[in-house]
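Participant: Going down the list, the sequences are from chains A and B. Take any residue in the first sequence, note its place counting from 1, add 171, and you have its number in the working numbering. Take any residue in the second sequence, note its place counting from 1, add 10, and you have its number in the working numbering. Backbone N, C-alpha and C fix where the C-beta goes; we use that ideal spot for every residue, glycine too. Note that the coordinates shown come from a computational prediction; the quantities given were computed from them, not determined experimentally. First the structure, then my questions, so here it is.
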Amino acid sequence: GAVVSQHPSRVICKSGTSVKIECRSLDFQATTMFWYRQFPKQSLMLMATSNEGSKATYEQGVEKDKFLINHASLTLSTLTVTSAHPEDSSFYICSARVLGVPDGYTFGSGTRLTVV
Amino acid sequence: SQQGEEDPQALSIQEGENATMNCSYKTSINNLQWYRQNSGRGLVHLILIRSNEREKHSGRLRVTLDTSKKSSSLLITASRAADTASYFCATPPGNNNDMRFGAGTRLTVKP
Chain A
172 GAVVSQHPSR VICKSGTSVK IECRSLDFQA TTMFWYRQFP KQSLMLMATS NEGSKATYEQ
232 GVEKDKFLIN HASLTLSTLT VTSAHPEDSS FYICSARVLG VPDGYTFGSG TRLTVV
Chain B
11 SQQGEEDPQA LSIQEGENAT MNCSYKTSIN NLQWYRQNSG RGLVHLILIR SNEREKHSGR
71 LRVTLDTSKK SSSLLITASR AADTASYFCA TPPGNNNDMR FGAGTRLTVK P
């Protein structure tokens with residue numbers, strides 16, 4: 172089945188530093204990747220949608236200069252949290268549409284970011 | 011924005027009992043999906059029900075969909091301690107791009 176590999180699973184960083192999270196589609200081409208953020212005991216909130224070879228589309232209230240998304244190839248999308256602050260600590264999950272599978276979505280295993 | 015609202019937000023039951031979770035949504039849908047998430051982990055797809063379906067079964071799971079009321083329910087029968095997790099309903103919006111998630115129900119099954 173279609174698998175999205177997300178790394179790292181956990182990361183702790185200091186305030187002011189940047190962190191990059193990668194999502195790779197292992198056995199299919201992901202033309203579109205979605206990035207979600209989940210705060211403790213809350214639901215997943217869509218942050219942005221990335222399309223291969225074009226600029227990402229950000230949801231209202233999400234700072235595009237802070238959360239840099241790159242989708243340079245059909246198998247890799249990255250989310251970089253720049254100048255991280257403690258309030259950015261959260262669980263980040265990527266998801267991809269699986270073309271050819273009706274209503275098919277696959278999710279990465281998530282990244283737990285802690286900013287200290 | 012969040013698509014669905016779920017209730018209850020938290021549910022605690024004894025092993026062997028049934029657990030029912032409800033989800034309401036706002037816009038028209040092509041399908042509704044239920045996912046499970048263990049604490050701090052990724053999502054596991056459980057079941058998909060299409061807008062022209064009213065009920066669907068998968069093992070111990072039973073999902074219903076009432077498009078007139080814009081609501082769905084997930085029933086887990088004969089629950090087990092291993093069913094302890096958060097459960098989310100999710101819908102693709104009309105243009106069928108991203109998934110929008112409900113608030114989720116945190117289920118605790120006590121052994």
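1. Kindly indicate if chain A contains any beta-carbon less than 9 Å away from that of Asp17/B.
2. By the 10 Å Cβ neighbour count, where 16 or more other Cβ atoms means buried, how is Leu217/A classified, buried or exposed?
3. Span of the beta strand (DSSP E) holding Thr249/A?
4. At the 9 Å Cβ level, is Tyr207/A part of the contact set with chain B, yes or no?
5. Could you give the DSSP three-state label for Asp76/B: helix, strand or coil?
6. So, is the C-beta of Lys212/A closer than 9 Å to a C-beta in chain B?
7. Taking 9 Å as the CB-CB cut-off, is Ser260/A touching chain B?
8. Taking Arg110/B as the query, report the chain A residues whose CB atoms sit under 8 Å from its CB, ordered along the chain.
9. What are the residues in the region 24-52 of chain B lying within 9 Å of chain A by C-beta distance?
10. Given a threshold of 16 other Cβ atoms within 10 Å of its Cβ, counted over all protein chains shown, does Thr188/A qualify as buried or as exposed?
11. Look at the Cβ atom of Leu84/B, then the Cβ atom of Leu58/B, and state whether they are nearer than 9 Å.
12. Determine whether the Cβ of Lys66/B lies closer than 9 Å to any Cβ atom of chain A.
13. Quick one: residues in its chain with C-beta nearer than 6 Å to the C-beta of Arg153/A, no 5 flanking neighbours on either side, listed in chain order?
14. Please list, in chain order, the residues of the region 192-204 of chain A that have any C-beta partner in chain B closer than 9 Å.
15. Check whether the Cβ atoms of Thr228/A and Arg268/A sit closer than 9 Å, and answer yes or no.
16. Around the Cβ of Leu270/A, are there at least 16 other Cβ atoms within 10 angstroms (buried) or fewer (exposed)?
17. Would DSSP call Ala267/A helix, strand or coil?
18. Just mark Gln200/A as buried or exposed, buried being the case when its beta carbon has 16 or more other beta carbons within 10 Å.
19. Among residues of its own chain, excluding the 5 on either side of Asn106/B, which ones have a beta-carbon nearer than 6 Å to its beta-carbon?
20. So, is the C-beta of Leu238/A closer than 9 Å to a C-beta in chain B?
21. Could you give the first and the last residue of the continuous beta strand (DSSP E) run that contains Thr101/B?
22. How would you call Gly104/B, buried or exposed, if buried means at least 16 neighbouring beta carbons within 10 angstroms?
23. At 9 Å on the CB atoms, spell out the chain D contacts of Ala95/B, in chain order.
Facilitator: So, from the data block:
1. One-based indexing of the second sequence puts residue 17/B at position 7. It does not; no Cβ of chain A falls within 9 Å.
2. Translated into positions along the first sequence, residue 217/A becomes position 46. Counting Cβ neighbours within 10 Å, Leu217/A comes out buried, since at least 16 surround it.
3. Translated into the one-based positions of the first sequence, residue 249/A becomes position 78. Thr249/A -> beta strand (DSSP E) spans Leu247 to Val252.
4. The residue you call residue 207/A lines up with position 36 of the first sequence. Yes, because at least one Cβ of chain B sits closer than 9 Å to the Cβ of Tyr207/A.
5. The residue given as residue 76/B occupies position 66 in the second sequence. Reduced to three states, the DSSP call for Asp76/B is strand.
6. Within the first sequence, numbered from 1, the residue matching residue 212/A stands at position 41. Answer yes: the Cβ-Cβ gap between Lys212/A and chain B drops below 9 Å somewhere.
7. As a first step, residue 260/A is located in the first sequence; it is residue number 89 there, counting from the start. No, Ser260/A lies away from the interface with chain B (no Cβ there is under 9 Å from its Cβ).
8. Here residue 110/B corresponds to residue number 100 of the second sequence, with the count starting at 1. By Cβ distance, chain A contributes Leu217.
9. Asn40, Asn41, Gln43, Tyr45, Gln47, Gly50, Arg51 and Gly52
10. Locating residue 188/A in the first sequence gives position 17, where the first residue counts as 1. Result: exposed.
11. If you number the second sequence from 1, residue 84/B lands on position 74. If you number the second sequence from 1, residue 58/B lands on position 48. For Leu84/B and Leu58/B, no; Cβs fall outside 9 Å.
12. Indexing the second sequence from 1 puts residue 66/B at position 56. No - not a single Cβ of chain A is within 9 Å of the one on Lys66/B.
13. A query on residue 153/A cannot be resolved here, the shown segment of chain A reaching from 172 to 287 and no further.
14. Thr203
15. As a first step, residue 228/A must be located in the first sequence, where it is residue number 57. As a first step, residue 268/A must be located in the first sequence, where it is residue number 97. In this structure, Arg268/A does not lie closer than 9 Å to Thr228/A by Cβ.
16. Against the first sequence, residue 270/A aligns to sequence position 99. Classification of Leu270/A: exposed, given that the 10 Å Cβ count is below 16.
17. Looking up residue 267/A in the first sequence gives position 96. Correct three-state label for Ala267/A: strand.
18. Translated into the one-based positions of the first sequence, residue 200/A becomes position 29. Under this definition Gln200/A is an exposed residue.
19. Position 96 of the second sequence, counted from the start, is the residue given in the question as residue 106/B. Interpretation of Asn106/B is limited by its pLDDT of 46, a score under 50 that renders its predicted location unreliable; the figure taken from the coordinates is listed afterwards. Excluding residues within five positions, none has a Cβ falling inside 6 Å.
20. As a position in the first sequence, residue 238/A is number 67, starting the count at 1. Per the sequence presented here, residue 238/A reads as Phe, with Leu not at that position. Not closer than 9 Å to any Cβ of chain B, the Cβ of Phe238/A fails to qualify, so no.
21. Here residue 101/B is taken as the residue at index 91 of the second sequence, counted from 1. Where Thr101/B is concerned, the enclosing beta strand (DSSP E) stretches over Ala95 to Thr101.
22. Looking up residue 104/B in the second sequence gives position 94. Summary for Gly104/B: the model assigns pLDDT 47, below 50, so the residue's position carries little reliability; its value from the coordinates is reported in the next sentence. When all chains shown are included, Gly104/B counts as exposed.
23. Absence of chain D from the displayed structure is noted, the protein chains being A and B.
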